[in-house]
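K.L.:
First to last, the protein sequences are chains G and D.
Position in the first sequence counted from 1, then plus 905, gives you our numbering.
Position in the second sequence counted from 1, then plus 306, gives you our numbering.
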Amino acid sequence: MTAPAILVENVTVHYGEVLALDSASLTLETARICGLIGMNGSGKSTLFKVVMGMIKPDAGRVLIGGQSPSKARKEGGIGYVPQSEDVDWQFPLSVRDVVMMGRYGHQGFTRRPSKADRAAVDEALDRVELSEYADRQIGQLSGGQKKRAFVARGIAQGATMMLLDEPFAGVDKRSEATISRLLRELASDGCTILISTHDLHAMPALCDEAVLLMRRVLMHGAPELVLQPENLAMAFGLDVLNPNAPERTHPAGTAAVVHSATAAGTHPKNRG
Amino acid sequence: MELLLEPLSYDFMVRAIITTALAAIVCAVLSCWLVLIGWSLMGDAVSHAVLPGVVLAYIVGAPFALGALVFALVAVTLIGVVRNTSRVKEDAAIGIVFTSLFALGLVLISVTPSQTDLNHIIFGNLLGVSIPDLIQVLVLGVVAFAILILKRRDLTLYAFDPTHAHAIGLSPRRLGALLLGLLALTSVVALQTVGVVLVVAMLIIPGATAYLLTDRFHRMLVIAPVVSAVCSITGIYVSYYLDTASGAMVVLTQGVVFAAVYLFSPRQGLIGTRLAKARRKKAAALQAA
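Quick look at the structure:
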């Protein structure tokens, strides 16, 4: 039996007095695509940081492919696609420069690119269909192309696991379909993919499984099941699939709903 | 030609030009990262905060660079501590720490005999560069330059996406520390030329100028030092003929060139982009006709 791609076991994280993750557990098998949903402040980015080893949990443990996160990082297995707002799009780098950064782990002291590195970058650019934009400054791409450029960086890196933070924010429907198709291809090649997203509509087509996060894992299962309105209400406190519903920013109400849901403990946490 | 050669007949002018060009080049290379990370204020802070270190080094007879490095480290640590453990925001923390350390340096100068020498640290003493000064600047400058160039790709990655750096097993914290260490080292190099007060100009203006001229980082790394070196040498010549303060003239020249680029750069310039737009319109009109 092989080790799961991601194993998060009873992980608790505090930021000062604030509880960000409360004994969260999550197991993800290799080559699965998992969508992580939850409100802002539900611990999605904290969970990402824990998986990448940027934060040491106060309690619990994390294993990536059976190894410690730091070992997994050194082996270059972890690819990361940042949220759009975390990137300086004015930065004077070309698309090719950014994708080449995926190769740094394979390179020597000065990161001088070898022939193999260049070939890997070209191949990755080709794979995400950005070859003709390779020499553009990264800010001069469309929203979807920007995302694909970072996915290409993960491909060039040879990542066996990819973390995508809000990949569909600011991306039009067509690009969203392109990215989804690309991610499905990567998964069928054996890449494990964890996505944090607000885009619930794209989930059933894209994800093999979905996780509902509210400081702890409320639910983990097939997207169709997790996305049931009554389950979403548990995490968001509102009917989020209804476009006419008001913005889902009712922290007080949400907290109450979640509290009762978790206290009752009647909701399934299937799949492990 | 005569105009260019005449100053070179004085040894002190030759030393001044070599020192300035060297400091200008190293500072300019470093400035490319500083302006992109948004560390200009940090550059200001570190370059001022090294003053007490330099004075103490002078008092005990240690190398200036050592004192400067220690106090750069002290400054950065204090800034981090104030920011992380109180509700004071980073810019305020920087402002508090560097002015206090700078003031400490001024106090130390005022109680140290042989003040003339130390006042040069504040305003620079370009025309009084001695041979040992020159050698020190040369050694430190070459070391800082070599590290910056050899590690340029990692530093750029750190500036652009520290999370990815972490994800592939590098240490963003260590890269940040390396950059700060080099900032301290470079501050010492530039002290000699323009003095503590104006170092920050050499650490920001060239990078900012280059950033307006290109959207490729590797080109910035060429443009910034070339522009900076040319400006600095021009500044020295101008100060020679107009008999003005040399360090200040160097910085003023850099500022003037930045202003020109800001206005006329074809890519980003205020006027340059409008001219380009007008040309495109005209071409389109001609084509339509």
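All residues carry an ideal CB built from backbone N, CA and C; glycine is no exception.
#1: Are D/R389 and D/A399 close, meaning C-beta to C-beta below 7 Å?
#2: Can you confirm whether G/R1086, when its beta carbon is compared against all beta carbons of chain D, has any partner nearer than 7 Å?
#3: For G/V955, report the span of its alpha helix (DSSP H) as first-last.
#4: Which complete beta strand (DSSP E) runs does the segment 314-387 of chain D hold, if anything under 3 residues is left out?
#5: Fully enclosed by the segment 906-934 of chain G, which beta strand (DSSP E) runs are 3 residues long or longer?
#6: Note down, in chain order, every chain G residue with its Cβ under 8 Å from the Cβ of D/R580.
#7: Based on the DSSP output, what are the partners of G/E1114 in its beta bridges?
#8: Identify every residue that forms a DSSP beta bridge with D/T540.
#9: Only counting runs of 4 or more residues, tell me where the alpha helix (DSSP H) segments fall wholly within the segment 1036-1073 of chain G, in order along the chain.
#10: Do G/T951 and G/M925 count as a contact pair if the criterion is CB distance below 7 Å?
#11: Note down, in chain order, each residue of its chain lying with its Cβ closer than 8 Å to the Cβ of G/A1092, except the 5 sequence neighbours on either side.
#12: Report the rounded CA-to-CA distance for G/V918 versus G/R1058, giving the unit in angstroms.
#13: Can you give me, in chain order, the residues of the segment 521-554 of chain D that have a beta carbon less than 7 Å from any beta carbon in chain G?
#14: What number of angstroms, rounded off, separates the C-alpha of D/G373 from the C-alpha of G/G981?
#15: How should G/T907 be labelled, buried or exposed, when 16 other C-beta atoms within 10 angstroms of its C-beta is the threshold for buried?
#16: Hey, D/V341 and D/Y546: beta-carbon distance below 7 Å or not?
#17: Could you tell me whether any Cβ in chain D is nearer than 7 Å to the Cβ of G/G981?
#18: Is D/A535 near D/A330, with beta carbons less than 7 Å apart?
#19: When the Cα atoms are used, what is the spatial distance from D/S392 to G/M1066?
#20: Grouping DSSP H, G and I as helix and E and B as strand, with all else coil, what is G/S1080?
#21: Check each candidate in D/P438, D/V448 and D/W339 and name the one with the smallest Cα separation from D/L491.
#22: Name the chain G residues that come within less than 7 Å of D/I474, Cβ to Cβ?
#23: Spatial neighbours of D/G355 within its chain, please: CB distance less than 6 Å, with the 5 preceding and 5 following residues excluded, ordered by chain position.
#24: Once DSSP output is grouped into helix, strand and coil, what is the label at G/Q1012?
#25: Shorter than 7 Å from the beta carbon of G/M957 to some beta carbon of chain D?
#26: Cα-Cα, which of D/W345, D/A471, D/S571 and D/I427 is closest to D/A363?
#27: Going along the chain, which residues of its own chain have a beta-carbon closer than 7 Å to the beta-carbon of D/S346, five neighbours each way excluded?
#28: On the three-state DSSP scale, how would you describe D/R573?
#29: Got a sec, what are the start and stop residues for the alpha helix (DSSP H) G/R1120 sits in?
#30: List the residues of chain D that G/V1006 touches, going by C-beta distances under 9 Å, in chain order.
#31: Contact criterion: CB-CB distance below 7 Å. Does G/Q1042 meet it with respect to chain D?
#32: Which partner residues of G/T1097 appear in the DSSP bridge assignment?
#33: Can you have a look at G/Q1062 and say buried or exposed, based on whether 16 or more other CB atoms are within 10 angstroms of its CB?
#34: Helix, strand or coil for D/A566, going by three-state DSSP, please let me know.
#35: Taking the beta strand (DSSP E) that D/L432 belongs to, which residues open and close that run?
#36: Would DSSP call G/T1154 helix, strand or coil?
P.N.:
According to the structure data:
#1: yes
#2: Output row for G/R1086: interface = no.
#3: K949 to M957
#4: none
#5: 911-920 and 923-933
#6: Those do not exist, as D/R580 stays about 20 Å from chain G at its closest Cβ, beyond 8 Å.
#7: G/C939
#8: Looking at the DSSP output, D/T540 shares a beta bridge with no other residue.
#9: Runs of the alpha helix (DSSP H) inside the segment 1036-1073 of chain G: 1048-1062.
#10: A small fix is needed here, since residue 925 of chain G is Ala in this sequence, not Met. One thing to note: G/A925 has its Cβ within 7 Å of the Cβ of G/T951.
#11: Excluding the 5 residues flanking it on each side, G/A1092 has same chain C-beta neighbours closer than 8 Å at A936, R937, I938, I1098 and D1113, in chain order.
#12: Taking the straight line joining both Cα atoms gives about 29 Å.
#13: D521, R522, F523 and M526
#14: 39 Å
#15: exposed
#16: no
#17: yes
#18: Yes. Within cutoff.
#19: Near 38 Å, if we compare the C-alpha coordinates of G/M1066 and D/S392.
#20: It is helical.
#21: D/V448
#22: Near D/I474 (Cβ distances below 7 Å), the residues of chain G are R978, G981, Y1009, G1010 and Q1062.
#23: Here residue 355 of chain D is Ala; the residue named in the question, Gly, does not match the sequence. Answer for D/A355: F377, A381, F404 and L407, listed in chain order.
#24: coil
#25: yes
#26: When D/W345, D/A471, D/S571 and D/I427 are compared, the shortest CA-CA separation from D/A363 is found for D/I427.
#27: Once the five neighbours on either side are set aside, the close Cβ partners of D/S346 are L340 and I510.
#28: coil
#29: G/R1120 -> no alpha helix (DSSP H), and no H or E assigned at all.
#30: One point to set straight first is that residue 1006 of chain G is Met, not Val, in the sequence displayed. For a Cβ distance threshold of 9 Å, residue set R459, T462, L463, F466, D467, H470, A471 and I474 of chain D lies close to G/M1006, ordered along the chain.
#31: yes
#32: G/M1066
#33: buried
#34: helix
#35: It is not in any beta strand (DSSP E) - D/L432 carries neither H nor E in the DSSP assignment.
#36: With a pLDDT of 43 at G/T1154, under the threshold of 50, the modelled position of this residue cannot be trusted; read the value that follows with caution. Three-state result, G/T1154: coil.
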